[in-house]
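From first to last, the protein sequence lines stand for chains W and F.
Convert by adding 4 to the 1-based position in the first sequence; the result is the number in this note's numbering.
Convert by adding 1040 to the 1-based position in the second sequence; the result is the number in this note's numbering.
Ideal placement from N, C-alpha and C gives every residue a C-beta, glycine not left out.
All values derive from a computational prediction rather than experimental measurement.
See below for the structure under consideration.
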Amino acid sequence: MLEIQGLSLGYGGAAILRGVDLSVAAGQIVSLVGPSGSGKSSILRAVMGLQPALAGTITAGVPRDQIGILFQDDALLPWRSARDNVALGLRARGIDAATRGRTADAFLGKMGLAGLEDRFPGRLSGGQRKRVALAQVMALAPRLILMDEPFGSLDAIVRHRITQDLLVQVEGQGITVLLVTHDLEEALALSDAVYLLSSGPDAHIAAFHAIDLPRPRNLATVRADPRFGPLLARLWADLSAVVA
Amino acid sequence: MRRVPDWTIQTVAVVGVLGFWEWAARAGLVSPFYAPAPSAIGATLVELFAGGEVWPHIGATFGAAMIGLVLGVVVGTLLAVMAVATRPAEILLAPLMGALNAVPRIVLAPLLVIWLGIGIASKAALALLLVAVLIFFAVFSAVGGVDRRLIERVRTLGGGRWLVLREVYLPSVAALMLSSLRVAVGFAFTGAIVGEFVASSRGLGYLLSFAQSTYNTALSLAVVALIMVFVMALLALAGRLERRLTRWR
Ligand SMILES: Nc1ncnc2c1ncn2[C@@H]1O[C@H](COP(=O)(O)OP(=O)(O)OP(=O)(O)O)[C@@H](O)[C@H]1O
Ligand SMILES: [Mg+2]
């Protein structure tokens, strides 16, 4: 599905990462981890066409309008209610107002935000805004989703529930996901493969781990799998090596 | 203890100052020639309205200020949009507006009277000039300051130019323009009244100029009070409009 080959990215001529190869097969969840500032968000932006590549190629495998991106920050339109923010993409597709509203409310409900549909983003908590942004992307039923730290500001319970829900949806509908996260356990529990980016400048892929834990997965039980512990230990070791 | 409401303090202060002034005038401590008693100013106001002769003056000033305000907002916005959209417009308009901003624009009042006559046109034009330059800079910088992340968000959700304009640019600019609007109301009246003061046969500025030439302090202060009330009422309206349109804050 998503193929990245020999990708170099930079700001103002200076490269921040070089020669990155990364591939995500259709229906897979692949995580990208790495130190802060190594260029993870930049890679997602490049896939979305928001950032030009200095070198290399990116093939998304689906048309642009079937890719959804969940940005690291939760900038929503401050002058639009949660509902209207979620309905924004549907509006761009010319879907009528009544259907948009119903769809938006349904997705907000799934994120545990029922009752907050009419709130403006300025009156939502950080975690609530994150969930609105997630609903905004999911409402468009994308085939490929790029997620940048989507669960960072959620409390443990909500985080578990939202992640599990998302996992069920993604596995059930065969959605392809490239996930950026700082949480190694989360990366392991969710992914078919984990890429580790070294620290910049001139970051590169420092390690790759295929995670062959069975699917469908359950976040609560996958950690009990005997292969989970050793995999986590190796990821930790690799990450410590690039950060040091 | 309960807090004393602001308006109580304000009312007490105003009544206190006016009372003291009235007392000082009656006791002969200040000359009525320089500072007529509040009651005398009030009597002048009543007289102005009782004869009905003040209405054409109010109408003239209000008309000129409103025409200048509306056209000034439209012209200022259009020029700013042009300057943002095309480079030639930007390199010509930005310095021109900067130059106009650098001089106190009311110095153009005599020139406008020569060009447009002593009627309402020269007053409206001065108000327009004052307002348009203010709005130009407000809109110009607002467009430059639009949050890039919001544009990216709308675009990645499949939005085209129109949706970006409608959902990002318009609300961002409107929010900043609304806060300039209150200043613009004051500017519009300044333009109209100064224009009338320079040369006219009607308007509150004309009344002021008449009061000055006849050394009529009471009339002068009555007109000042009148202008204050009108502008403050308009400002309150502008404030309500702003709050209404920026409910999301
Ligand atoms: N607009 C920009 N202009 C210049 N440099 C930038 C810009 N955005 C990011 N950078 C730099 O590029 C590098 C990679 O940034 P990026 O946001 O991709 O990192 P990241 O891996 O997502 O980090 P984090 O985990 O902290 O989100 C950083 O060193 C950052 O300082
Ligand atoms: Mg990032």
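- When secondary structure is reduced to three states using DSSP, D88 (chain W) falls in the helix class.
- Within the same chain, and ignoring the five residues on either side of A191 (chain W) in sequence, the residues whose Cβ sits closer than 8 Å to its Cβ are S35, V37, L183, T185, V198, L239.
- Selection W:V66, W:R127, W:A118, W:G156 evaluated against T180 (chain W) yields W:V66 as nearest (Cα-Cα).
- Interface with chain W (8 Å Cβ-Cβ cutoff): T1048 (chain F) is excluded.
- Neighbours of R97 (chain W) in chain F, taken as residues whose beta carbon is under 8 Å from its own, are G1198 in chain order.
- If you draw a 10 Å sphere on the C-beta of M151 (chain W), you find 16 or more other C-beta atoms in it, and that means buried.
- Contact residues of ligand 2 (beta-carbon closer than 7 Å to any heavy atom; chain order) are W:K44, W:S45, W:Q76, W:D152, W:E153, W:V184.
- Beta-bridge analysis with DSSP links Q9 (chain W) to W:T61.
- Residues of chain W with a Cβ closer than 8 Å to the Cβ of L1216 (chain F) do not exist, since the nearest Cβ in that chain sits about 13 Å away.
- Counting along the chain, no alpha helix (DSSP H) covers I33 (chain W); the unbroken beta strand (DSSP E) around it starts and ends at 33-37.
- With respect to chain W, the C-beta atom of R1193 (chain F) has a partner C-beta closer than 8 Å.
- Between V1263 (chain F) and I1146 (chain F), the C-beta gap is not smaller than 8 Å, which leaves the two residues out of contact.
- For R49 (chain W), the uninterrupted alpha helix (DSSP H) segment begins and ends at 44-51.
- Beta-bridge partners of D152 (chain W) (DSSP): W:V184.
- Looking at the backbone, the Cα of A19 (chain W) and that of A110 (chain W) are separated by about 43 Å.
- Distance from the CA of G1082 (chain F) to the CA of A1120 (chain F), rounded to the nearest whole angstrom, comes to 45 Å.
- Not a single C-beta of chain F is nearer than 8 Å to the C-beta of I62 (chain W).
- Per DSSP, V1179 (chain F) is one residue of the alpha helix (DSSP H) stretching across 1160-1184.
- In this structure, N89 (chain W) lies away from Q173 (chain W), with their beta-carbon atoms at least 8 Å apart.
- Following the DSSP letters along the chain, one finds A1067 (chain F) in no beta strand (DSSP E), marked with neither H nor E.
- Residues of chain W whose Cβ lies closer than 7 Å to the Cβ of P1211 (chain F) are, in chain order, W83.
- Taking CB atoms only, M52 (chain W) has a neighbour in chain F less than 8 Å away.
- Going by C-alpha positions, S46 (chain W) is about 12 Å away from A207 (chain W).
- Contact note: W1288 (chain F) reaches chain W through P82, W83, F124, G126, using a C-beta cutoff of 7 Å and chain order.
- Per DSSP, reduced to three states, the secondary structure at R22 (chain W) is strand.
- In its chain, beyond the 5 residues on either side, A1104, I1107, G1108 have a beta carbon closer than 6 Å to the beta carbon of A1164 (chain F).
- Going by C-alpha positions, R219 (chain W) is about 10 Å away from A193 (chain W).
- Cβ contact annotation for L235 (chain W) (same chain, cutoff 7 Å, sequence separation greater than five): L192, H213, I215, in chain order.
- For L158 (chain W), no CB of chain F lies under 8 Å from its own CB, so it is not counted at the interface with that chain.
- By alpha-carbon distance to V247 (chain W), the top candidate from W:P205, W:V226, W:F232, W:N222 is W:P205.
- Under the three-state reduction of DSSP, G14 (chain W) is assigned to strand.
- Interface with chain F (8 Å Cβ-Cβ cutoff): D109 (chain W) is excluded.
- DSSP places G72 (chain W) in the uninterrupted beta strand (DSSP E) bounded by 71-74.
- One Cα belongs to S1219 (chain F), the other to D242 (chain W), and the distance between them is close to 54 Å.
- Cβ-Cβ distances below 7 Å link Q55 (chain W) to L13, S46, R49 in the same chain, with the five nearest sequence neighbours on each side left out; the list follows chain order.
- At least one CB atom of chain F sits nearer than 8 Å to the CB of L92 (chain W).
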